[in-house]
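Adding 1 to a residue's 1-based position in the sequence shown gives its number in my numbering.
Note that the Cβ used here is the ideal one computed from N, Cα and C, for glycine as well.
Here the structure is a predicted model, which is why all the values come from computation and not from measurement.
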Amino acid sequence: GWSCNLYTHLGAGAYICGEESALLNSLEGVLGQPRVRPPFPAQKGGGLYKEATVVNNVETLANVPWIMVNGAAEYKKIGTEQSSGTKIFCVSGHVPKPGNYELPLGATFRELLVDHAGCDPDNLKAILPSGGSGPIVPATAEVLDTKLSYEDMAKIGTILGSASVIVMDNSVDITWVASKVIKFFTHESCGKCTPCREGTYWLDKVLDRIMAGEGKPEDIQLIDNVAKNMAGVTLCALGDFAANPVIHTIKNFRADFDAHVLPKEVEEKKPAAKAGAGAARGRAARTQATAGD
2 GWSCNLYTHL GAGAYICGEE SALLNSLEGV LGQPRVRPPF PAQKGGGLYK EATVVNNVET
62 LANVPWIMVN GAAEYKKIGT EQSSGTKIFC VSGHVPKPGN YELPLGATFR ELLVDHAGCD
122 PDNLKAILPS GGSGPIVPAT AEVLDTKLSY EDMAKIGTIL GSASVIVMDN SVDITWVASK
182 VIKFFTHESC GKCTPCREGT YWLDKVLDRI MAGEGKPEDI QLIDNVAKNM AGVTLCALGD
242 FAANPVIHTI KNFRADFDAH VLPKEVEEKK PAAKAGAGAA RGRAARTQAT AGD
């Protein structure tokens, strides 16, 4: 046998510290911001106190004992060919039975949400398969019958990610959802990368304007452009995560956004003086017509 020391550190709760290099910075007592890589955490110079460090989620480590007892070959028999094992799905939102459900990868949304969580398939509007960080999808019959695997999620334009499944029924305004998710990412952005820092700020401001009924039709294209310019240009994935709620809500639920924007005025109101002159001419014409009768 062997022994080791186990240390537990309580984090401060910042979302950004879920990113591995920001997590290491937090453990070292410095600002929780992503590091430039390489070196990566598993490489010398890139990990905790510059030592090579393996960073894993608790769910990954929880699978290790079963694999050690039963073997990797048995584990690979569970799930799909490309997505092995089980996954813990955290189901919340408009569901009768919210909670954590462990299912084999390859089960369907219908099994998870209808059979286990008790949802009515006729009263489902949208699903966030990976919480606010993943692309939203409409809850169509095709989506409900899609396998919950990494490869099958990609086929419908989303990600499985952490499997924090948020369910929305037909009463939900998807524009409101985008606004709330953007507020979260605006608050949680560490501010290190300009596209994320400035992009989330402006997305939040414009979405607030739209939700207040003061938006313009061109605001929808504006926020879509801002979001697309944030994706793939930051040190960590938070920039992409913050862009997803806007890009994919507009793509899949454009009608919800259109319902908020003010109609463009086709013509300007005429000056009062001209309107008065026109009214006078109208009265004169009516007087002449009456006299003719």
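Residue i, DSSP secondary structure in three states
i    : result
K271 : Per-residue confidence for K271 stands at a pLDDT of 43, beneath the threshold of 50, marking its modelled position as unreliable; the derived number appears in the next sentence. K271 falls in the coil class under three-state DSSP.
S85  : strand
P42  : coil
Y102 : strand
G80  : strand
K217 : coil
T9   : coil
T109 : strand
F258 : helix
G158 : coil
One or two residues paired with residue i in a DSSP bridge
i    : result
I167 : S93 and L129
V138 : I128
K148 : T109
Classification of residue i by the beta-carbon crowding that lies within 10 angstroms, buried from 16 upward
i    : result
M1   : A question about residue 1 goes unanswered here, because the residues of the chain that appear run from 2 up to 294.
L62  : exposed
V37  : exposed
S4   : exposed
D225 : buried
K98  : exposed
T9   : exposed
T159 : buried
P246 : buried
D205 : buried
T195 : exposed
Residues near residue i in its chain [Cβ-Cβ closer than 6 Å; skip 5 each side]
i    : result
A15  : G33
E103 : T87 and I89
T54  : P42 and G48
P40  : G46 and G47
Contacts around residue i, its chain only, beta-carbon distance under 7 Å, and the 5 residues preceding and following it disregarded
i    : result
D241 : A232 and G233
F110 : I128, V144, L145, T147 and L149
Residue i Cβ short of 6 Å to the ligand ADP heavy atom set
i    : result
E199 : Absence of the ligand ADP is noted for the structure shown, with no ligands found whatsoever.
Cβ shell of residue i (< 8 Å), same chain only, five flanking positions each side left out
i    : result
E152 : T81, Q83 and S84
K156 : T147
Y202 : T187
(request) Kindly provide the ranges of any beta strand (DSSP E) runs that are 3 or more residues long and lie completely inside the segment 164-208, ordered along the chain. (result) The segment 164-208 contains these whole beta strand (DSSP E) runs: 165-169.
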